[in-house]
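**Q** One structure coming up, written as structure tokens, with questions to follow.
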Amino acid sequence: MAKLAINGGTPVRTSPWPKWPEVDESDVQAVSEVIRSGRWGRLGGTKSAEFEQKFAAYQGCQYGLTVSSGTAALEIALRAMKLAPGDEVIVPPYTFMATATAVLQVGALPIFVDINPRTYNLDPALIEDAITDRTRAIIPVHFGGLPCDMDPIMAIARRHGLKVLEDCSHAHGGQWKDKGLGSIGDAGAFSLMSGKNLATGEAGIITTNDPELLGWSVLYHDFWRGAVRAGSVESELPQGWTTRFPVLAGNDRTNEIEAALLLSQFAKLEDQARRRSRNGDYLNRLVAQIEGVRPLRTDPYVTRNVYHILTLQYTGEGFGGLSREKFSQALNAEGIPNSLGYLKTVYQHPVFREAETALPGGFPVKGGYYGREIDYNQVHCPEAERLCHEETLWFGQSMFLGPQSDMDDVAEAIQKIRANARELR
């Protein structure tokens, strides 16, 4: 039998994986045009508004607003939803920290509800038990690009009068029941940082079909009301909202250089989304035939998973007791890049576990000045914790941009390790 690469054998794959971002001359020309124009900021520019219109339409929304980051998109959308100190927002524990810290930034309290262990998304069956008279919103995260189960989430939100903010930072081009993600709830928040499926240096975008929510988002993203020129957002502001400095806000505008790069990269997005979806679906079919590893479940409501992260669950059957950590190392040695993903849930990090010192005055977690006081050391989401510690393996989005044969290499490497697992005991 073949010797494992981790023990000095020949790796299954030695050729490089696709690079990210995919850059060509159109990107260079787009950025150069803006630099030469001398119109670098949003003031006096046109590129930001053009990108907002195109991306919002692509996701099935009327409106888009570019902001400085995906984190800012979450925070500004929550402010636009009129959250107040002491309000509560339901969030999943298996996500990037910003999903929950954006809630803290507006003075509200994240309430963690466990995930479905077969989708890694918020479990709708657990949401209503977490709702109190202070609950104001739900943030479902389309983790890895796999759409959440939005029908029950939206039904619960309607029943209790809650806002829904979709965290779409992994989900550019993703579709639920033929609808673009970010168009189902009251708003969507996308990250556009350099590692995302649609990337510039640092940026984000809010999508919505609600003109009032858009108007408030414009105000909260730009401390000087007059800085956003007439266009996709200005024309939708309610009458009387043209006063400068009407609310307490910061400056989260994007610039024209970022927007120009986003436009040129956006022209490539649909082709990239199709490649990722095709290859990710194919790899899931291959892996489903291998005992000891399994893909996440794809439910009928999923029209398109865009695989910002493809997650496999390592259960270990047939691998002779091989640990997840050792399996991951062996797979990397075979030329198949992977990681263990999040090693902690969000609430297990110091900003929550040590809130009294990590947050100024412990606010809003400690003190109970506006709402209840929460001890996040007592929070326990068993499925999320187990998946962090035991089963999860991540494969990044750029792996899915090449030919289908790349996926055969992944499956071959897994099979090779399984057949030779005794070498690693």
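This note's numbering puts the first residue of the sequence shown at 2, with every later residue one more than the last. Virtual Cβ for every residue (Gly too), placed ideally from N, Cα, C.
(1) Mind checking which residues open and close the beta strand (DSSP E) that includes residue 314?
(2) Please report the residue range of the beta strand (DSSP E) in which residue 89 lies.
(3) Between residue 84 and residue 109, which are expected to be in contact by the criterion C-beta below 8 angstroms, what is the C-beta distance as a whole number of angstroms?
(4) DSSP on residue 329, reduced to helix/strand/coil?
(5) Quick one: what's got a C-beta closer than 6 angstroms to residue 320's C-beta in the same chain, skipping five residues either side?
(6) Given residue 412, which residues of its chain have a CB within under 6 angstroms of its CB, disregarding the five upstream and five downstream residues?
(7) May I ask you to list the residues that DSSP assigns as paired with residue 305?
(8) Measuring CA to CA, which of 425, 404, 34 and 190 is closest to residue 17?
(9) Does any heavy atom of the ligand MN sit closer than 8 angstroms to the C-beta of residue 82?
(10) Check this for me: beta carbons of residue 417 and residue 335, under 9 angstroms apart or not?
(11) Where do the N-terminal and C-terminal ends of the beta strand (DSSP E) with residue 395 fall, by residue?
(12) Rounded to whole angstroms, what is the Cα-Cα separation between residue 188 and residue 207?
(13) Do the stretch 156–171 and the stretch 312–326 touch if we need at least three Cβ pairs shorter than 8 angstroms?
(14) Would you kindly check if the distance between the Cβ of residue 194 and the Cβ of residue 70 is under 9 angstroms?
(15) Starting from residue 295, trace the beta strand (DSSP E) both ways and give me its first and last residue.
(16) DSSP state of residue 248, grouped into three classes?
(17) Is it right to say residue 197 is buried, meaning 16 or more other beta carbons lie within 10 angstroms of its own, or is it exposed?
(18) Go to residue 29, then tell me how far its alpha helix (DSSP H) extends in each direction, as first and last residue.
(19) Which one of 165, 179, 221 and 393 has the shortest CA to CA distance from residue 327?
(20) Should residue 307 and residue 265 be called a contact, given that it needs their Cβ atoms to be closer than 9 angstroms?
(21) Quick check on residue 204: does DSSP put it in helix, strand or coil?
(22) Need the endpoints of the beta strand (DSSP E) that residue 142 sits in, please.
(23) Is residue 267 helix, strand or coil by DSSP?
(24) Nearest CA to the CA of residue 96: which residue from 203, 31 and 167?
(25) To which residues does DSSP link residue 166 through a beta bridge?
(26) Whose C-alpha, out of 106, 130 and 330, is nearest the C-alpha of residue 360?
(27) Hey, residue 49 and residue 256: beta-carbon distance below 9 angstroms or not?
(28) Can you grab the Cα-Cα spacing for the pair residue 15 / residue 135, in whole Å?
**A** So, to answer that:
(1) 310–315
(2) 89–92
(3) Indeed they touch by this definition, with Cβ atoms about 5 angstroms apart.
(4) helix
(5) Answer for residue 320: 293, 419 and 422, listed in chain order.
(6) 287
(7) Within the DSSP bridge table, the entry for residue 305 names 176 as partners.
(8) 404
(9) Looking at this structure, you won't find the ligand MN or any other ligand, since it has none at all.
(10) Closer than 9 angstroms, so yes.
(11) 393–397
(12) Each residue's alpha carbon lies about 7 angstroms from the other.
(13) no
(14) Taking a C-beta distance under 9 angstroms as the contact criterion, residue 70 and residue 194 qualify as a contact pair.
(15) 294–296
(16) coil
(17) Burial check for residue 197: the Cβ neighbour count within 10 Å reaches 16 or more, so the residue is buried.
(18) 26–38
(19) 393
(20) Not closer than 9 angstroms, so no.
(21) coil
(22) Neither: residue 142 is in no beta strand (DSSP E) and is coded neither H nor E.
(23) helix
(24) 167
(25) 188
(26) 106
(27) yes
(28) 55 angstroms
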